[in-house]
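Protein chains in written order, with my numbering: chain R, 43 to 228; chain X, 43 to 228.
We treat Cβ as the ideally placed atom computed from N, Cα and C, and that holds for glycine.
Everything numeric in this text was worked out from a predicted model, so none of it was measured.
The structure under discussion appears below in the form of structure tokens.
Number of protein chains: 2
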Amino acid sequence: MPRPRGFDADAALDAIKATFWTYGYEGTSIQRLEDATGLKKQSLYRLYGDKRGMYLAALKAYDEHENAAAIDTLTAEGSARDRLKRLFTSLIDDADPRGCLMCNAGTDQAALDDGSGAAVRAMLSRLRQAFEAALGALDDYRQDDRLRAGKAAALVASYIGLRVLIKAGEPADRLHALVADIMKSL
Amino acid sequence: MPRPRGFDADAALDAIKATFWTYGYEGTSIQRLEDATGLKKQSLYRLYGDKRGMYLAALKAYDEHENAAAIDTLTAEGSARDRLKRLFTSLIDDADPRGCLMCNAGTDQAALDDGSGAAVRAMLSRLRQAFEAALGALDDYRQDDRLRAGKAAALVASYIGLRVLIKAGEPADRLHALVADIMKSL
DNA sequence: TTAATTACGGACTATTCGGTAACAAATATG
DNA sequence: CATATTTGTTACCGAATAGTCCGTAATTAA
């Protein structure tokens with residue numbers, strides 16, 4: 043019955059995600075989303091209800107794509123140490139000036155909006171569990187659950203801190219020294 | 043010659059800082075700053091020129107008060123390990139839901155505004171040097187400059203990550219386990 | 001073919017945005 | 001006292017804000 047939509051909803055969501063990623067929640071106007079997606083605001087409101095819905099959809103897409111890619115790196119082939127090092131190093135090498143949308147949402151919206159806060163915590167939890175799983179392949183951590191949980195949480199903190207430092211424009215050599223320290227502390 | 047001002051400019055700046063701290067740059071309207079300070083916008087514009095000037099003044103005040111307090115903790119009495127542990131633990135115990143204004147500015151504005159980016163980098167640099175100085179009291183790090191620099195950068199990343207996790211509402215026991223891992227890795 | 005349903009685009013709303021102009025009150029210096 | 005200067009206050013500006021309404025086009029099921 044319905045008239046088919048004349049645009050690619052997935053591509054639109056990608057554009058929405060990229061816009062919130064760059065400008066943050068408050069820094070993103072509906073006009074900006076219209077420009078980024080090429081859609082009229084009416085189509086955006088029909089798809090997502092309101093601006094908050096657009097943001098939550100962007101967070102979900104980020105979790106399913108960018109966050110999932112990071113987790114994939116942690117569960118890929120090679121030794122656990124190599125996978126961890128590859129994850130952290132790749133963040134520096136292809137430095138994204140927008141930072142990490144999950145981290146941005148954590149500082150930006152998590153404390154002001156329950157929905158965003160819950161979404162951020164869910165993403166953080168997924169990432170932490172991936173770190174825990176990778177640590178499970180290392181002798182020192184396989185046996186001791188508490189040790190592994192603490193290290194996994196610390197790796198999440200380092201991950202967030204690294205991405206914020208990248209966004210803040212810290213020089214790459216300092217960041218590589220930082221990663222070297224993380225690897226040494228495993 | 044001039045008529046004396048009828049308000050406390052320092053108190054006004056504190057209120058401005060608190061408002062940006064809670065709501066971020068874009069989330070803070072001039073109206074909100076008027077309400078927080080009790081001043082009319084004309085007085086605000088006379089003091090700071092424009093909204094960006096108000097934000098940069100808030101960052102400076104944060105550096106001079108909150109950031110300086112953290113650095114003081116790192117240079118207080120007691121062993122270096124105790125000082126480091128006290129700093130991280132205190133962040134968890136008196137969890138500030140607004141997070142860290144330096145960290146917030148880093149994800150919020152550093153990539154979009156040169157002035158904010160430079161201010162954030164300067165604050166990060168001060169904090170990193172304080173970590174380096176504290177590490178200088180530990181035998182393992184006193185000798186090796188590269189080792190110390192890497193660890194100091196890693197501690198900054200952990201500091202940022204911890205504050206973001208606190209703001210995101212992570213449970214305190216997990217955060218204490220995180221700090222235990224940091225201390226173990228020294 | 002008709003009816004139901006959805007997509008679309010433009011116009012419109014009321015409010016808020018950051019920022020400015022104008023002016024009277026207050027004060028210290030000449 | 002007079003004058004220069006800064007204060008606080010009100011009013012105002014055009015632009016942008018999030019969100020809605022409504023008429024029209026397109027499509028499929030009956």
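8 Å CB neighbourhood of residue i in its chain, flanking five on each side removed
i, result
"Gly159(X)", "Gln151, Ala152 and Ala153"
"Arg74(X)", "Thr61 and Tyr65"
"Lys193(X)", "Phe173, Leu177, Tyr183 and Leu228"
"Lys102(R)", "Ala161"
"Ile134(X)", "Leu204, Ile208, Ala214, Leu217, His218 and Val221"
"Ala164(R)", "Asp105"
"Arg190(X)", "Glu174, Leu177, Gly178, Tyr183 and Arg184"
"Arg188(X)", "none"
"Asn109(R)", "Met144, Met165, Arg168 and Leu169"
"Asp56(X)", "Ala103"
"Gln171(X)", "Ala194"
Status (buried if at least 16 other CB within 10 Å, exposed otherwise) for residue i
i, result
"Arg47(R)", "exposed"
"Ser200(R)", "buried"
"Thr79(R)", "buried"
"Gly91(X)", "exposed"
"Thr117(X)", "exposed"
"Asp181(R)", "exposed"
"Gly141(R)", "buried"
"Asp124(X)", "exposed"
"Ala195(X)", "buried"
"Asp186(X)", "exposed"
"Asp114(R)", "exposed"
"Asp223(X)", "buried"
Own chain partners of residue i with C-beta closer than 7 Å, once the 5 adjacent residues on each side are dropped
i, result
"Thr70(R)", "Thr61 and Phe62"
"Tyr104(X)", "Lys59, Leu143 and Met144"
"Ala137(R)", "Ile208"
"Lys93(R)", "Ile72"
"Lys83(R)", "Ile72 and Glu76"
"Pro139(R)", "Lys209"
Supposed close pair residue i, residue j - CB separation, criterion 8 Å
i, j, result
"Gly203(X)", "Gly211(R)", "With 8 Å as the limit, Gly203(X) and Gly211(R) do not qualify as a contact, their Cβ atoms being about 18 Å apart."
"Leu98(X)", "Ala176(X)", "About 29 Å; that fails the 8 Å criterion."
"Leu86(R)", "Met96(R)", "6 Å"
"Leu129(R)", "Ala112(R)", "6 Å"
"Ala53(R)", "Leu89(R)", "About 12 Å separates the two Cβ atoms, so there is no contact after all."
"Val206(X)", "Leu169(X)", "Contact flag wrong, Cβ pair sits at about 15 Å."
"Thr149(R)", "Thr149(X)", "5 Å"
"Glu68(R)", "Glu68(X)", "3 Å"
Distance cut-off 7 Å: residue i Cβ against heavy atoms of the ligand GDP
i, result
"Asp138(X)", "Ligands in the displayed structure: none, and consequently the ligand GDP is not present."
Sequence-distant residues of the same chain with beta carbon closer than 6 Å to residue i, five excluded per side
i, result
"Met225(X)", "Lys127"
"Gly178(R)", "Arg184"
"Gly157(R)", "Leu98"
"Ala230(X)", "With chain X represented from 43 up to 228, any question about residue 230(X) goes unanswered, as that position is not in the structure."
"Ala122(R)", "Ala176, Ala179 and Leu180"
"Asp247(X)", "Chain X is shown only over 43 to 228; residue 247(X) falls outside these bounds and no answer can be derived."
Near-chain X residues of the segment 137 to 151 of chain R - C-beta to any C-beta below 8 Å: If the cut-off is 8 Å between Cβ atoms, the segment 137 to 151 of chain R has Pro139, Arg140, Gly141, Cys145, Asn146, Gly148, Thr149 and Asp150 near chain X.
Where the segment 190 to 214 of chain X meets chain R: residues whose CB sits under 8 Å from a CB there: Of all residues in the segment 190 to 214 of chain X, Ala191, Gly192, Lys193, Ala195, Ala196, Val198, Ala199, Ser200, Tyr201, Ile202, Gly203, Leu204, Val206, Leu207, Lys209, Ala210, Gly211 and Glu212 have a Cβ within less than 8 Å of some Cβ in chain R.
Members of the segment 68 to 81 of chain R that neighbour chain X once the beta carbon cut-off is set at 7 Å: Correct list: Glu68 and Gly69.
Residues in the segment 80 to 108 of chain X having any Cβ partner in chain R nearer than 8 Å: Residues of the segment 80 to 108 of chain X whose Cβ lies closer than 8 Å to any Cβ of chain R: none.
Contact set between the segment 117 to 128 of chain R and chain X, restricted to residues whose Cβ is under 7 Å from the partner: Taking 7 Å as the Cβ-Cβ cut-off against chain X, none of the residues of the segment 117 to 128 of chain R qualify.
Residues, ordered as in the chain, of the segment 177 to 188 of chain X that lie near chain R by beta-carbon distance below 9 Å: The segment 177 to 188 of chain X vs chain R, Cβ under 9 Å: Arg188.
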